[in-house]
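Take the sequence shown: its position 47, counted from the start at 1, is 29 in my numbering, and no numbers get skipped. Just so it is clear, CB atoms sit at the ideal spot from N, CA and C, and this is done for glycine as well. Only one structure is covered here, and it is reproduced in the block below.
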Amino acid sequence: MPECQLRFSRVLELPSKGAWCPARDADTEWIQVDLGADARVIIMMVISKQGVETGCWG
């Protein structure tokens, strides 16, 4: 899927001011990121959109 490419996972670098929000409030929602090769991820940064408490992260 093209949407899984690494460049789509960097919300702060996207030309829009959007954010990823789950389709519904459920623990089963997730984001898939294709790093292009096997990789060990040791740090992940998650930023909450200011003033938003609805499960939207960007």
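Cβ-Cβ distance between residue i and residue j below 8 Å
| i | j | result |
| --- | --- | --- |
| Ala19 | Glu11 | no |
Straight-line Cα distance separating residue j from residue i
| i | j | result |
| --- | --- | --- |
| Gly40 | Val15 | Unreliable placement is indicated for Gly40, whose pLDDT of 47 sits below 50; the coordinate value is still reported in the next sentence. Approximately 15 Å, taken between the alpha carbons. |
| Ala49 | Val28 | Coverage of the chain is limited to positions -17 through 40, which leaves residue 49 absent and any answer about it impossible. |
| Leu17 | Val23 | 10 Å |
| Asp7 | Ile13 | 14 Å |
| Asp9 | Ile25 | 21 Å |
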